[in-house]
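Number of protein chains: 2
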Amino acid sequence: MVTLEDVAKQAGVSLATASRVLNGSTRQVGADLRARVERAAYELGYRANIAAQTLARGASNVIGIVVHDLTDPYFAALADGAMRAAAGEGLLVMVGTTHRDPEQEIAYVATLNAQRVRAVLLVGSRVADPEVTERLRAELDRYRASGGRAACVGQDLLGVDTVAPANHEGAAALARSLAGLGHTRFAVLAGPPRLMTARDRCAGFVSALAELGLPEPRVIEGPFDRDGGYRAAQETGDATCVFAVNDVMAVGALAAYRERGIRVPDDVSVAGFDDIATLRDQVPALTTVRLPLQDMGARALELALAADEEPTVEQVPGEVVLRESVRALR
Amino acid sequence: MVTLEDVAKQAGVSLATASRVLNGSTRQVGADLRARVERAAYELGYRANIAAQTLARGASNVIGIVVHDLTDPYFAALADGAMRAAAGEGLLVMVGTTHRDPEQEIAYVATLNAQRVRAVLLVGSRVADPEVTERLRAELDRYRASGGRAACVGQDLLGVDTVAPANHEGAAALARSLAGLGHTRFAVLAGPPRLMTARDRCAGFVSALAELGLPEPRVIEGPFDRDGGYRAAQETGDATCVFAVNDVMAVGALAAYRERGIRVPDDVSVAGFDDIATLRDQVPALTTVRLPLQDMGARALELALAADEEPTVEQVPGEVVLRESVRALR
DNA sequence: GCACACTGGGAAACCGCTTTCCGGGAGGTC
DNA sequence: GACCTCCCGGAAAGCGGTTTCCCAGTGTGC
Numbered sequence: 002m003v004t005l006e007d008v009a010k011q012a013g014v015s016l017a018t019a020s021r022v023l024n025g026s027t028r029q030v031g032a033d034l035r036a037r038v039e040r041a042a043y044e045l046g047y048r049a050n051i052a053a054q055t056l057a058r059g060a061s062n063v064i065g066i067v068v069h070d071l072t073d074p075y076f077a078a079l080a081d082g083a084m085r086a087a088a089g090e091g092l093l094v095m096v097g098t099t100h101r102d103p104e105q106e107i108a109y110v111a112t113l114n115a116q117r118v119r120a121v122l123l124v125g126s127r128v129a130d131p132e133v134t135e136r137l138r139a140e141l142d143r144y145r146a147s148g149g150r151a152a153c154v155g156q157d158l159l160g161v162d163t164v165a166p167a168n169h170e171g172a173a174a175l176a177r178s179l180a181g182l183g184h185t186r187f188a189v190l191a192g193p194p195r196l197m198t199a200r201d202r203c204a205g206f207v208s209a210l211a212e213l214g215l216p217e218p219r220v221i222e223g224p225f226d227r228d229g230g231y232r233a234a235q236e237t238g239d240a241t242c243v244f245a246v247n248d249v250m251a252v253g254a255l256a257a258y259r260e261r262g263i264r265v266p267d268d269v270s271v272a273g274f275d276d277i278a279t280l281r282d283q284v285p286a287l288t289t290v291r292l293p294l295q296d297m298g299a300r301a302l303e304l305a306l307a308a309d310e311e312p313t314v315e316q317v318p319g320e321v322v323l324r325e326s327v328r329a330l331r
Numbered sequence: 002m003v004t005l006e007d008v009a010k011q012a013g014v015s016l017a018t019a020s021r022v023l024n025g026s027t028r029q030v031g032a033d034l035r036a037r038v039e040r041a042a043y044e045l046g047y048r049a050n051i052a053a054q055t056l057a058r059g060a061s062n063v064i065g066i067v068v069h070d071l072t073d074p075y076f077a078a079l080a081d082g083a084m085r086a087a088a089g090e091g092l093l094v095m096v097g098t099t100h101r102d103p104e105q106e107i108a109y110v111a112t113l114n115a116q117r118v119r120a121v122l123l124v125g126s127r128v129a130d131p132e133v134t135e136r137l138r139a140e141l142d143r144y145r146a147s148g149g150r151a152a153c154v155g156q157d158l159l160g161v162d163t164v165a166p167a168n169h170e171g172a173a174a175l176a177r178s179l180a181g182l183g184h185t186r187f188a189v190l191a192g193p194p195r196l197m198t199a200r201d202r203c204a205g206f207v208s209a210l211a212e213l214g215l216p217e218p219r220v221i222e223g224p225f226d227r228d229g230g231y232r233a234a235q236e237t238g239d240a241t242c243v244f245a246v247n248d249v250m251a252v253g254a255l256a257a258y259r260e261r262g263i264r265v266p267d268d269v270s271v272a273g274f275d276d277i278a279t280l281r282d283q284v285p286a287l288t289t290v291r292l293p294l295q296d297m298g299a300r301a302l303e304l305a306l307a308a309d310e311e312p313t314v315e316q317v318p319g320e321v322v323l324r325e326s327v328r329a330l331r
């Protein structure tokens, strides 16, 4: 391993000078010495030891992103946005996936704290479990107490900067649009009730229907993924319009209907939430609520890095996108 | 910031003892002292400083994964597989995305080298540019010279452990299957020729057709993504069967045909490559060559970590999966 | 011509942890 | 009871950088 000392020796200068030349400093170094150091570093193939730098500087140049599942395009888009923003700041990214286990999320915060990362981004829905939330919050507080910054994409439950998609309001707007097409008998593929995102979207949809004086929809719980949507779609009964709380579930529902010979949108209308890019070529094209996922990820990083004292909560509106998977009832 | 010294002081023991208790050691510590240290650490909320540990131990517990694009489900699946394997080994993961810029890939290797990560995984196609490959290889050699381990998913061009999908052979097998259905006029949506993966798949397909004595397919180059497939599909002429070198492009092609009222598979058959999970609900279901992406990612990590001297190259076969997007010509 | 910044170089302290090395006490053997 | 191990606790030397502090040399202003 080539160290700074090797470089300094080869260049015939002190450690201090070599450090100033190679790894940035406010202090100037004379042109000749600077050149000698650079040459030596190049010849030896010197690479600064970041662990040592981090230790000496007391600050690292990496951030941590914790997501539920990287193979879910929702998280991939969010993570990608955050990573682009990070790259723009010259930061490296450590990614952790919890596979939807809240304990893992807590463990990652502890680990990232140990890594002394500059910021931690918690991406994805909180769970409706006060005890778990409290423990996560405690771990996060401990991290922030030692100078770490944090932000979250999801619900504002942790006392940190938050990018909060308007799940409730978006779902409500979608409900109004669908009701405007003449639908009255709805079903909701609601996902798991302990997931706040699922719960908020479901609640927003249900309450909008109530305000319109429409009958209560049938609410079918299940997993938050494609197969969850597939299974839940078996139980939508005589609903003319089905709202899946995310696009991936909606795709599962489409598959279920297709297999059973139920035509979408002729026999039943289907809507999702998120507007996942990879799913835009689905047939029939999915009606959904668009969320600017990449921007949200990038924004979360900005918030985390900004030196504000008060935690900011940024509401992100969703935009209803009507496509072929729903039809108007005459 | 709570340091080990604070803990030791509070527990009334030496730094060495505290270290042995908290951060693992071959040496034993008496039960009472051990308890005192653990209590102090808990009360103070101590978190080991990993940068310091890394420096002192001379070895870190993080690995680096470099992918082209996380929002592409192909890379997401590969990365996920590698990350699961890493988690199983207690390793943390740093992810870098190059956004398909080979220079970025080189830069990441340098950065990860500076981080002294335990292993680097280069995931994704090499490019057919000897000069770039040479520079990447040099950077990689420098990293390995200082004790780093590396592996690659893609082509065996770097002199490191490699998981190599059988692109040529898989595409050839697909060609034979499709020819077996009676097709004779083919087109290939070939992607960018500088991408080895695209090139190999295209070549495998073309050469298999030649061996069968069939006419040369029309080869249409373009970007490796959905829009590339969409655009290339405009030029497939009178081909009865179109092979897109990856699933994402095939989906773009399906969209293009749909818009133009060309029915798949009635008017034209379409096949892809990879068998991306998120795309399995596509209509019509995509004929493709299945690659065990998650396993490949995991395997790459294993190879990198294994203490072998000779670089291993592991060929991964693809399995032709015939689905509704192709039909037999009677 | 002299006090006075100002500049750029080097010595050394320090960041927080691991690990070697040393030493004292307990237990075993003859 | 003398001698030898073995076990466990602590002092201190690193790990590879950054940065403070000191110092010599050079211009400046009057």
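Going down the list, the sequences are from chains H and L.
Under this note's numbering, residues 2 to 331 are what the first sequence spells out, in order.
Under this note's numbering, residues 2 to 331 are what the second sequence spells out, in order.
Just so you know, even glycine gets a beta-carbon here, dropped at the ideal spot from N, CA and C.
Option nearest R328 of chain H by Cα separation, candidates H:V207, H:G181, H:P293 and H:D275: H:G181
Rounded C-beta distance between A80 of chain L and L71 of chain H? I'm assuming under 8 Å. Rounded to the nearest angstrom, the Cβ distance from A80 of chain L to L71 of chain H is 6 Å, consistent with a contact under 8 Å.
By Cβ distance below 8 Å, which residues in the same chain neighbour L158 of chain L in space, the five residues on each side in sequence not counted? R127, T134, R138 and M197
Closest Cα partner of E260 of chain H within the set H:A234, H:A240, H:A278 and H:F244: Of H:A234, H:A240, H:A278 and H:F244, the residue nearest in Cα terms is H:A234.
Beta carbon proximity, L61 of chain L to chain H, threshold 9 Å: Residue identity differs from the one stated: residue 61 of chain L is Ser in this sequence, not Leu. Closer than 9 Å: yes.
Cβ atoms of R40 of chain L and R143 of chain H: under 9 Å apart, would you say? no
Within chain H, partners of V94 of chain L - CB distance below 8 Å: Residues of chain H passing the Cβ test: M95, V96 and G97.
Could you say if the segment 315-329 of chain L and the segment 100-116 of chain L meet the contact criterion of at least three C-beta pairs nearer than 8 Å? no
So, does the CB of P154 of chain L fall closer than 9 Å to a CB anywhere in chain H? A quick correction: the sequence has Val, not Pro, at residue 154 of chain L. By this cut-off, V154 of chain L is not an interface position.
So, for A176 of chain L: in the same chain, excluding its five sequence neighbours on each side, which residues have a beta-carbon less than 7 Å away from its beta-carbon? Excluding sequence neighbours, A176 of chain L sits near F206, A209 and L210.
In chain L, which residues lie less than 8 Å from L56 of chain H when you measure between Cβ atoms? N50, A52, A53 and L56
Here's the rule: buried if 16 or more other CB atoms are within 10 angstroms of the residue's CB, otherwise exposed. What is N24 of chain H? Looking at its Cβ environment, which holds fewer than 16 other Cβ atoms inside 10 Å, N24 of chain H is exposed.
Run of the alpha helix (DSSP H) containing P74 of chain H, from where it starts to where it stops: P74 of chain H -> alpha helix (DSSP H) spans P74 to G89.
Within the continuous beta strand (DSSP E) that includes S270 of chain H, where are the two ends? Looking at the DSSP string, the run of the beta strand (DSSP E) that includes S270 of chain H is S270 to A272.
To the nearest angstrom, report how far apart A146 of chain H and L122 of chain H are at their CA atoms. 16 Å
Report the rounded CA-to-CA distance for E222 of chain H versus E236 of chain L, giving the unit in angstroms. 46 Å
At the 9 Å Cβ level, is D81 of chain H part of the contact set with chain L, yes or no? yes
Any C-beta of chain H sitting closer than 9 Å to the C-beta of P74 of chain L? So yes, P74 of chain L belongs to the interface.
Under 9 Å by beta carbon: chain H residues contacting M84 of chain L: L71, V96, G97 and T98
Smallest Cα separation from G160 of chain L: which of L:A188, L:R150 and L:A257? L:R150
Return the residues of the segment 243-263 of chain H that lie within a Cβ-Cβ distance of less than 9 Å from chain L, sorted by chain order. Residues V249, V252, G253, L255, A256 and R259.
Report the three-state DSSP secondary structure of I263 of chain H (helix, strand or coil). coil
Given a threshold of 16 other Cβ atoms within 10 Å of its Cβ, counted over all protein chains shown, does S15 of chain L qualify as buried or as exposed? It counts as exposed.
Contact check, A286 of chain L vs L190 of chain L, beta carbons under 9 Å: no
Start-to-end residues for the alpha helix (DSSP H) that takes in G214 of chain L: Counting along the chain, G214 of chain L falls outside any alpha helix (DSSP H), and DSSP gives it neither H nor E.
Would you mind telling me which residues of chain L sit closer than 8 Å to R119 of chain H, beta carbon to beta carbon, in chain order? Those do not exist, as R119 of chain H stays about 12 Å from chain L at its closest Cβ, beyond 8 Å.
With contact counted as at least three CB pairs below 8 Å, one residue from each stretch, are the segment 94-112 of chain H and the segment 273-284 of chain H in contact? no
Is T98 of chain H helix, strand or coil when you go by DSSP? Here T98 of chain H carries a strand assignment [DSSP, helix/strand/coil].
State the Cα-Cα distance for the pair V249 of chain H and A308 of chain L, rounded to the nearest angstrom. 41 Å
Determine whether the Cβ of D275 of chain L lies closer than 9 Å to any Cβ atom of chain H. no
Cβ atoms of M84 of chain H and G65 of chain H: under 9 Å apart, would you say? no
Just verifying my parser: in three-state terms, what is the DSSP assignment at D70 of chain H? coil
What whole-angstrom Cβ distance do V63 of chain H and V118 of chain H have, given they're in contact under 8 Å? 5 Å
Could you check if E140 of chain H is buried or exposed, using at least 16 other CB atoms within 10 Å of its CB as the buried criterion? buried
Among the candidates L:D73, L:T313 and L:R291, whose CA atom is the shortest distance from the CA of A301 of chain L? L:T313
Sub-9 Å separation of T288 of chain H and S270 of chain H beta-carbons: yes
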